[in-house]
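Everything below concerns the one structure shown next.
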Amino acid sequence: MRKILILPTGDEVFSGIILDTNSPKIMAKILEDYPAAQITRATPLKDRQAEILNALQIGVEAGNDLIITIGGSGGGGKYSHSLAPDYTHEAILQLAPDAARISIFGYNGHLWSKIVVGKVEQTLIITLPGPQVEALAGLSAGIEKIQAGNDVQRICQAMASAVLAQYPRGGHCQCS
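Position in the sequence shown (from 1) plus 828 gives the number in our numbering.
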């Protein structure tokens, strides 16, 4: 991986209600595994499918080897009308309809998340959930499978398993 784009998402991150502490940690992890990587962190995006899709398309056109989205994978609006809907996985699936995807259902804590791993041209796109412990676990598992030359399905399965392992009371995964 020589060129990597990080796309933090979420109205709460965009507006500054929540500080993006994930991007620096993710950059540090990437540099451990790919010390020569050129990493770009985009300005946080609102939870708007068209904005996320546009940023993904620009990232692919720019020749990124890997695009990592952070947040927008938990279904917010599914569980509370006070939370914004999450569109990251829908935007990725619009761009890469054959992407691997696994839904994670927890028994407490983060109740639902969707991990999506797709490829568009030469660009691999992965989602990471917003909670930092989950994001870092998913990234570590994903990098391990990427380095081993695995396909998107195996990368997705490893990431989902790693994220699920962070759920305090467990849960289960379901391919969708």
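Glycine included, each C-beta is placed from N, C-alpha and C at the ideal position.
Could you tell me the distance, in whole angstroms, from the CA atom of residue i to the CA atom of residue j?
i, j, result
"Gly-891", "Gly-946", "15 Å"
"Asp-875", "Pro-957", "14 Å"
"Ile-845", "Ser-851", "16 Å"
"Pro-959", "Leu-921", "22 Å"
"Thr-955", "Arg-982", "14 Å"
"Arg-869", "Val-961", "19 Å"
"Ile-1001", "Ile-832", "At residue 1001 the sequence reads Cys, which differs from the Ile that was named. So the two alpha carbons sit approximately 28 Å from each other."
"Leu-964", "Thr-871", "20 Å"
"Glu-840", "Gly-977", "35 Å"
"Ala-865", "Leu-835", "16 Å"
"Asp-943", "Arg-830", "The residue asked about is misnamed: residue 943 is Ile in this sequence, not Asp. About 23 Å."
"Ser-989", "Glu-879", "29 Å"
"Val-948", "His-917", "14 Å"
"Pro-996", "Gly-934", "8 Å"
"Val-888", "Asp-926", "16 Å"
"Gly-899", "Gln-950", "23 Å"
"Gln-985", "Ser-843", "32 Å"
"Gly-970", "Gly-998", "20 Å"
"Thr-849", "Gly-838", "13 Å"
DSSP three-state call for residue i: helix, strand or coil?
i, result
"Ala-988", "helix"
"Ile-898", "strand"
"Leu-967", "helix"
"Ile-846", "coil"
"Gly-838", "coil"
"Gly-977", "coil"
"Gly-999", "strand"
"Lys-853", "helix"
"Gln-960", "helix"
"Ala-993", "coil"
"Gly-891", "coil"
Would you list the one or two residues that DSSP bridges to residue i?
i, result
"Pro-925", "The partner list for Pro-925 (beta bridge, DSSP) is empty, contrary to what the question assumes."
"Lys-947", "Leu-952"
"Ser-931", "Lys-942, Gln-1002"
"Thr-868", "Leu-833"
"Leu-873", "Thr-837"
Kindly examine the ligand NAP and report whether one of its heavy atoms sits closer than 6 Å to the Cβ of residue i.
i, result
"Leu-952", "In the structure on display, the ligand NAP does not appear, and there are no ligands present to speak of."
Compute the beta-carbon to beta-carbon distance between residue i and residue j, rounded to the nearest angstrom, for a pair I have assumed lies under 8 Å.
i, j, result
"Ser-968", "Lys-857", "7 Å"
"Leu-894", "Leu-952", "5 Å"
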